[in-house]
Each structure stands twice: as structure tokens, then as C-alpha cells.
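For reference, the structure is listed below as C-alpha cells.
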Amino acid sequence: MKKFLYITMVLVISLSFVACGSKTTADASKTSIATSTTPAKTKITYTKDLAYLPTYTGVQSAKYTAKTKKALDTSTYTLKNTTDVKVFNDYQAILKQDGWTITEAKKSYSVNAKKGTHMAIILIQKTAKDVILTIMSK
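Letter by letter, the sequence shown follows residues -19 to -1, 1 to 119 of mature numbering (1 follows the signal peptide of the UniProt record, and there is no 0).
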């Protein structure tokens, strides 16, 4: 009888460890599936400062510096009440729709793109409620 009781206890304890064991969950910010709310065929508009580069919806121009012999055109924009992840995903989709090739992308931080003779380095910086978008291009 004791043997039966011991075997039952070992089974119950083993099953409880297996059933209650920790399960790893996927962190949404680290998944490789890009979720974008940008419609597949949005009308593309272009920036005033960089006429060949598509603009992100809702940008407010903060600063523009024309290129020199040693530096690229630099334009800084502020996007109100949004997240860096949303801007990263949406702007990549806009660039791809306009025919740009993404040469490098670092999740929610930067995008490097090329189209014909043009190239763009896009830096995304999160502030308290807004996102600062800095674009260096030629």
C-alpha cells in the first residue's frame, strides 16, 4: 500500500511541475513580424526639402540643412503622439511602395534605403510622447 501511495505522489508532483512550469512568451517588440497600419496603396506625397523622398504622414518640419561637399542634406521632423515602432514599420512600407530598396534596417531605430542615384539614412528617436525623424540624404 505504501508503494502505491509513493508512486501516486511522485506522479502527481511530476505532473504539477510539468503543468505549472514556466512558459516563455514572445515579446511583441522583438518579433520579426512587422505590423503596419499603412494601407497597401496609399497616395505618396514628397517632402518639400527632399523632393525625391516620400514623406511620412503627419510630419512637422523642424529643421533643414542643405548638403555641402562633406555632408548630406539633413532634414529633421517631429511626429506627434506616435511610437517609434509604428513610424519604423510605416515608413519602411512607404519607401518600398515608392520603389526604394531597404539596404539596412535596425528595428525601431534606423533605416537605410536606396533608389537610383539617391540614398537615405533615416534615424528614428522616441521622446516622451513624440518621435523625432532625422533624414540624411543625397
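Note that CB positions come from ideal geometry on N, CA and C, so glycine has one too.
>> Going by DSSP in three states, T115 sits in which element: helix, strand or coil?
In response: Position 134 of the sequence shown, counting from 1, holds the residue named residue 115. The answer is strand: DSSP assigns T115 an E or B state.
> Ends of the beta strand (DSSP E) at Y72?
Replying inline: For the purposes of this step, residue 72 is identified with residue 91 of the sequence shown, where counting begins at 1. First-last for Y72: 65 to 78, but that is the alpha helix (DSSP H), not the beta strand (DSSP E).
> Can you name the start and end residues of the beta strand (DSSP E) that A109 belongs to?
Replying inline: Residue mapping note: residue 109 aligns to position 128 of the sequence shown, counting from 1. Note, A109: premise wrong, no beta strand (DSSP E); not H, not E.
> How far does the beta strand (DSSP E) with S89 in it reach, from first residue to last?
Replying inline: Stepping through the sequence shown from its first residue, residue 89 is reached at position 108. It is not in any beta strand (DSSP E) - S89 carries neither H nor E in the DSSP assignment.
> Mapping DSSP to helix, strand and coil, what is K48?
Replying inline: Along the sequence shown, one-based indexing puts residue 48 at 67. Here K48 sits in coil by DSSP.
> Under a three-way DSSP split, which group does L60 fall into?
Replying inline: In the sequence shown, counting from the first residue as 1, residue 60 sits at position 79. Note: L60 maps to strand in three-state DSSP.
> Roughly how many angstroms lie between the CA atoms of N62 and K88, to the nearest whole one?
Replying inline: Along the sequence shown, read from residue 1 onward, the residue named residue 62 stands at position 81. Along the sequence shown, read from residue 1 onward, the residue named residue 88 stands at position 107. Taking the straight line from one Cα to the other gives about 19 Å.
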